[in-house]
Each structure stands twice: as C-alpha cells, then as structure tokens.
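Numbering (this note's numbering), first residue to last: 6 to 235.
This report concerns only the one structure given below.
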C-alpha cells in the first residue's frame, strides 16, 4: 500500500475520521491506531505482521527486564541480548542470500563444492526502520533516558503507519508521549495538517517521480536510457 495511491487514499479516508473521533479516548484511540497500522502493513504482505508483532514483544520484554535490574553487568547482558536479536533478524532477511552465494563462490575458488542452496528470502518492507526504532527504545531505557512505556504505547510507537515503511526513525521520547496524551482534536491545526499532506504528495508525485530520469539524462547525456515503455 504505497502512500500516493488510490488504495491508501481510501484507507486514510476511513482511518482519519475514526482517529479524530477516538482521539479523546486514550486507550481506544491507541488500540485503533495499532489495528490500523497492522492493516496497513498487511497490505504489503500479511505475513510481515507476525514479524512486527514479534519485534514489539521481544523489545518490550527486554526493556522491562533492563529497567527492573540494578546490577550493571546484568543490564549489559540484557542489552546485548536485545541488540543481538534485532540485528540477527535484520541480517537474516537482508543478507542471508548474499552470504550463501558468497560462501559458495569462495569455496568454489579453491575447488570445494559446498552444497549450500541459495534461497530467496522476501525482504519485509520497513524492517530497517522499525528495527532501529526498537533498538533506540531499548538503548534509551538502558541509559535511563526513557522509562519503559506500556505495551500498547510501545506497540503504537513501533507500528505507527505514517513512518512504518518509509521512516524517519523517531526516538521514543519524541513520539510515545504523544500517544500518552493525545491532542484534543478541536484544537488541532487542520489547515496546516492538510497543507503539509498536500505539499508532501505534490513533491512526491509531481516532482520526485521525475527527478531520477532528469538526473540520469544529465549524467549520461543519453535520454534513451530513460525511455518509458508504453
């Protein structure tokens, strides 16, 4: 579900008014945001939702454990465990195919046939963004910069669909408090909000989509390389 598409427009037309109505009701609003974010993520591939849910539970458990410990050594081991799990997950999905192919090629150079089957792993969209946001959360809890949030608030922070697949990476102290105390919708600057949305769509659809062909023409001097199929 790409942002500048009719599918997302329909999704947003449903989510926006419901979010507006539920905003004064903290727990219900957060639950709705989490559900909407998972529906949005399932629009790419429903299997990705299990990975996102695992990341939420994994990091929340480690954050709570780190916060509950006073022993420095135990806290460091817990932090190492949380980071190892996150980075291992990221490395598997992004680099397992490259690692297997490189290993086969390396042994082939010395005449050794290694029967490692290169597998095609589907890369979950946005995995880098929510993984590094989870790492930021656990690290901030370890440093004492941020107390562990409730599971619902952390789930909303990690799965929040406006930045789930395209970033940016947001620190927990910047976003989680907004889920704790949402604004009164009567005092939201709607004109500025719609101006920002419209400006972003214009820059993406009208400007950004035509920059790569223009830059390639200037760099290569051959406009035929950007010819579009009809």
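The beta-carbon is built from N, C-alpha and C at its ideal position, and this holds for glycine as well.
Computed from a prediction, not measured in an experiment: that's the story for all the values here.
Per DSSP, reduced to three states, the secondary structure at residue 90 is helical. The residue from 169, 152 and 174 with its alpha-carbon nearest to that of residue 137 is 174.
For residue 48, no alpha helix (DSSP H) encloses it, and the DSSP letter there is neither H nor E. For the options 48, 171, 36 and 76, the alpha carbon positioned closest to that of residue 184 is the one of 36. Nearest Cα to residue 195 within the set 8, 7 and 21: 21. Between residue 145 and the set 41, 179 and 60, the nearest pair of CA atoms involves 179. Distance from the CA of residue 93 to the CA of residue 8, rounded to the nearest whole angstrom, comes to 29 Å. When C-alpha distances from residue 142 are compared across 160, 56 and 131, the shortest belongs to 160. One alpha carbon belongs to residue 198, the other to residue 205, and they sit about 11 Å apart.
The Cβ-Cβ distance between residue 165 and residue 42 falls below 8 Å.
As summarised for the region 135-212, the continuous alpha helix (DSSP H) elements at least 4 residues long and confined to that stretch are 156-164, 166-169, 177-185 and 195-207, given in chain order.
Residue 163 is positioned such that its CB atom lies no closer than 8 Å to that of residue 46. Under the three-state reduction of DSSP output, residue 75 falls in the coil class, being neither helix nor strand. DSSP places residue 38 in the helix class (H, G or I) of the three-state scheme.
In the same chain as residue 156, and ignoring 5 residues on each side of it, the C-beta atoms closer than 7 Å to its own belong to 65, in chain order.
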